[in-house]
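Read the structure below first, then the notes.
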Amino acid sequence: MAETLNPRAGIGMTSARTRGRMIERLREQGIKDEMVLAAMGSVPRHLYVDQALESRAYEDTALPIGFGQTISNPYIVARMAELARHGENGHGHELGRVLEIGLGCGYQAAVLGKLAREVVSMERIAALVGKTRVRLRELRVNNVKPKHGDGMTGARDFAPFDAIVIAAAFAEVPHVLLEQLADGGRLVMPLGNATQTLCVMERQGESFTERMLEGVKFVPLLPGVA
Ligand code: SAH
Numbered sequence: 001m002a003e004t005l006n007p008r009a010g011i012g013m014t015s016a017r018t019r020g021r022m023i024e025r026l027r028e029q030g031i032k033d034e035m036v037l038a039a040m041g042s043v044p045r046h047l048y049v050d051q052a053l054e055s056r057a058y059e060d061t062a063l064p065i066g067f068g069q070t071i072s073n074p075y076i077v078a079r080m081a082e083l084a085r086h087g088e089n090g091h092g093h094e095l096g097r098v099l100e101i102g103l104g105c106g107y108q109a110a111v112l113g114k115l116a117r118e119v120v121s122m123e124r125i126a127a128l129v130g131k132t133r134v135r136l137r138e139l140r141v142n143n144v145k146p147k148h149g150d151g152m153t154g155a156r157d158f159a160p161f162d163a164i165v166i167a168a169a170f171a172e173v174p175h176v177l178l179e180q181l182a183d184g185g186r187l188v189m190p191l192g193n194a195t196q197t198l199c200v201m202e203r204q205g206e207s208f209t210e211r212m213l214e215g216v217k218f219v220p221l222l223p224g225v226a
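Here our numbering is used: the first residue of the sequence shown is 1, the next is one more, and so on.
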């Protein structure tokens, strides 16, 4: 019903079906966590990109979101959420508080918001925070808190986090972020510069296990704010 009130409802009506096809593709690509698939099925990805790109929103591709940044392809958003939830076996853990670094257009934060009690999402580009904050309010995504700042230092005031998801690549794991993980929590990030690998760090007490997974391609994590 809400979608029919939306001026962009025309595409909204067909997008439920298109989203269904995206979910089937994610299953074929190996996403197993049903909660992640349900979250991906319920967030209207086309409303997070500029209207000119709406028709391409459900393709398995990264899309420009302005300011030289990109929204990740659906597979990598689902994959990172699955890893954050320990959900590779088909069902994962519910998440309390999650830190995302790299809010961008807010799509990944909204997906994580379906899987967590609260998502704090940091973004270094002020104009992007402003635009995305308005969008999240309009779409009534109430448990995502956009914050303007350099995510490399994390968000100590909100720590500890059950999961930290970094949506931009960096050559090493930022150590301050590991300190902000809850016991049993996981940090998921693309590690590297030109060649990047998806990395998962899991905290057990004061020790950490590291897993290096598949190759990925992200925009770089940059220091400071803009
Ligand atoms: N999750 C986003 C993807 C955005 S791309 C989405 O769904 O749209 C990565 C984002 O990380 C960019 O918006 C970029 O500005 C931001 N970023 C890069 N370095 C950062 C830093 N140090 N702190 C916070 N955000 C950063």
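Where a beta carbon is used, it is the ideal one built from N, C-alpha and C, also for glycine. Treat the numbers as computed from the prediction; the structure is a model and nothing was measured.
message: Given the structure, does Gly262 come close to the ligand SAH, in the sense that its CB is under 8 Å from one of the ligand's heavy atoms?
response: A query on residue 262 cannot be resolved here, the shown segment of the chain reaching from 1 to 226 and no further.
message: Given 8 Å as the limit, tell me if Ser42 has its C-beta closer than that to any heavy atom belonging to the ligand SAH.
response: Not so, every heavy atom of the ligand SAH lies at least 8 Å from the Cβ.
- request: Starting from Ile125, follow its DSSP beta bridges and name the residues at the other end.
  value: Bridge pairing for Ile125: absent [DSSP].
message: Using a Cβ-based criterion (distance less than 8 Å to any ligand heavy atom), does Thr70 qualify as near the ligand SAH?
response: Yes, since a heavy atom of the ligand SAH falls inside the 8 Å radius drawn around the Cβ of Thr70.
- prompt: Which runs of the alpha helix (DSSP H) fall wholly inside the region 139–181 and span at least 4 residues, in chain order?
  reply: Along the region 139–181, the alpha helix (DSSP H) occurs as fully enclosed runs of 4 or more residues at 175–179, listed in sequence order.
- request: Output the distance between the C-alpha atoms of Ala226 and Ala126, rounded to the nearest integer angstrom.
  value: Cα-Cα distance, rounded: 6 Å.
Boundaries of the alpha helix (DSSP H) in which Arg79 is found, first to last residue: Taken as a continuous stretch (DSSP letters only), the alpha helix (DSSP H) holding Arg79 covers 74–84.
field: Heavy atom of the ligand SAH within 8 Å of Phe161 beta-carbon
entry: No, since every heavy atom of the ligand SAH falls outside the 8 Å radius drawn around the Cβ of Phe161.
- request: In the DSSP assignment, find the unbroken alpha helix (DSSP H) run with Ser42 in it and report its ends.
  value: Secondary structure note for Ser42: its alpha helix (DSSP H) is the uninterrupted segment 34–42.
Reduced DSSP secondary structure (H/G/I, E/B, other) of Ala116: When DSSP states are grouped into helix, strand and coil, Ala116 belongs to the strand group.
query: Would the C-beta of Met35 count as close to the ligand ZN, meaning under 8 Å from any of its heavy atoms?
result: The model depicted lacks the ligand ZN and carries the ligand SAH instead.
- prompt: Regarding Glu94 and the ligand SAH, is the C-beta to nearest heavy atom distance less than 8 Å?
  reply: Outside the cutoff, so no.
message: What does the Cβ neighbour count give for Val176, buried or exposed, with the cut at 16 atoms within 10 Å?
response: Exposed, because fewer than 16 other Cβ atoms sit within 10 Å of the Cβ of Val176.
message: Does the distance between the C-beta of Met201 and the nearest non-hydrogen atom of the ligand SAH fall short of 8 Å?
response: Not under cutoff, so the answer is no.
query: Beta-carbon separation of Ala168 and Pro220 under 9 Å?
result: Yes, these two residues count as a Cβ contact at 9 Å.
field: Option nearest Asp157 by Cα separation, candidates Pro174, Arg135, Met189, Met122
entry: The residue from Pro174, Arg135, Met189, Met122 with its alpha-carbon nearest to that of Asp157 is Met122.
query: Apart from the five residues on each side of it in sequence, which residues of its chain come closer than 6 Å, Cβ to Cβ, to Phe170?
result: The answer, listed in chain order, is Leu221.
query: According to DSSP, what are the bridge partners of Met201?
result: The partner list for Met201 (beta bridge, DSSP) reads Leu187, Glu210.
query: Measuring CA to CA, which of Arg27, Asp183, Gln108 is closest to Glu206?
result: Nearest option by C-alpha distance: Asp183.
- prompt: Should Leu103 and Val129 be called a contact, given that it needs their Cβ atoms to be closer than 9 Å?
  reply: Yes; because the gap between Cβ atoms is below 9 Å, this pair is in contact.
message: Considering Cα atoms alone, identify which of Arg27, Arg117, Glu54 is closest to Ile299.
response: In the structure as shown, the chain starts at 1 and stops at 226, and residue 299 therefore has no counterpart that could be examined.
query: How is the beta strand (DSSP E) around Pro64 delimited, first residue to last?
result: DSSP places Pro64 inside the beta strand (DSSP E), whose first and last residues are 63–66.
task: Find out if the Cβ-Cβ distance for the pair Asp162, Leu213 is shorter than 9 Å.
output: Here Asp162 is not near Leu213, since their CB atoms are 9 Å or more apart.
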